[in-house]
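K.L.:
Take any residue in the sequence shown, note its place counting from 1, add 38, and you have its number in my numbering. Here it is, the structure in full.
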Amino acid sequence: MAGLFTGFTYAVMPGIKVLDDRAWLAGMQQINRVILNGRFMTAFLGSVVFTGAALVLGWFADDRAALPWILAGLVLALVMFIGTIAMNVPLNNMLEDAGEPAAIADPAALRATIEAKWIKWNTIRGVAALGSLAALAWALYVHGRANG
């Protein structure tokens with residue numbers, strides 16, 4: 039998830055920023071439609087589920103050295119997950135509910151309502167996902183050091 043969300047921050051959004059309002063709206067609508075697939079949902083949901091499972095397994099395995107880092111990874115994965123559900127999804131729904139860009143009366147106003155907020159929350163969830171990845175990588179390192 040870290041690569042996908044940060045990729046939007048440093049490549050996709052700057053790339054489509056130059057489009058006129060109707061083209062930007064059409065592009066975002068199409069991206070939102072195609073990303074909702076099994077591969078995305080597996081990674082999106084799996085990032086939280088598998089990190090939670092790692093925390094439970096670490097607890098029962100009495101692997102205390104890595105637990106704080108796994109917990110940090112889970113908290114950051116939850117920030118990514120909840121931020122997506124609470125902020126980005128409603129903005130995506132607003133885009134979809136607006137209908138075909140050619141029929142939108144004021145595409146500039148719709149874009150102004152959505153773009154900056156979407157980018158801000160995408161960056162937050164990207165940084166959270168990257169932090170989760172880093173915390174989990176460190177948990178693996180700590181686990182390896184503690185268990186030789």
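Virtual Cβ for every residue (Gly too), placed ideally from N, Cα, C.
(1) Roughly how many angstroms lie between the CA atoms of Pro-139 and Ala-64, to the nearest whole one?
(2) Would you kindly work out how many angstroms separate the C-alpha atoms of Pro-52 and Phe-88, rounded to a whole number?
(3) Can you grab the Cα-Cα spacing for the pair Phe-46 / Asp-59, in whole Å?
(4) For Lys-158 and Gly-96, what's the separation of their Cα atoms in angstroms?
(5) Starting from the Cα of Gly-41, find the closest Cα among His-181, Ala-99, Gly-169 and Ala-184 and give me that residue.
(6) Quick one: grab the DSSP three-state call for Ala-73.
(7) Can you round the beta-carbon distance between Phe-43 and Ala-124 to whole angstroms, since I take them to be within the 8 angstroms contact cut?
(8) With a cut-off of 8 angstroms on the beta carbons, I'd call Asp-101 and His-181 a contact; round off their distance for me.
(9) Can you find the residues in the same chain that come closer than 7 angstroms, C-beta to C-beta, to Asn-130, ignoring five residues on each side of it along the sequence?
(10) From this set, Ala-104, Val-72, Val-94 and Gln-67, which residue's C-alpha is nearest Leu-178's C-alpha?
P.N.:
Walking through what the data contain:
(1) If I take the Cα positions, the gap works out to 6 angstroms.
(2) Pro-52 and Phe-88 have their C-alpha atoms roughly 32 angstroms apart.
(3) Across the structure, Phe-46 and Asp-59 are spaced so that their CA atoms are roughly 18 angstroms apart.
(4) Computed Cα separation, rounded: 34 angstroms.
(5) Ranking the options by Cα distance to Gly-41, first place goes to Gly-169.
(6) Correcting the residue type first, residue 73 is Ile in the shown sequence and not Ala. Ile-73 falls in the helix class under three-state DSSP.
(7) So it is not a contact: roughly 15 angstroms between Cβ atoms.
(8) Asp-101 to His-181, Cβ: 6 angstroms. Contact.
(9) Same-chain partners within the cutoff: Asn-70.
(10) It is Ala-104.
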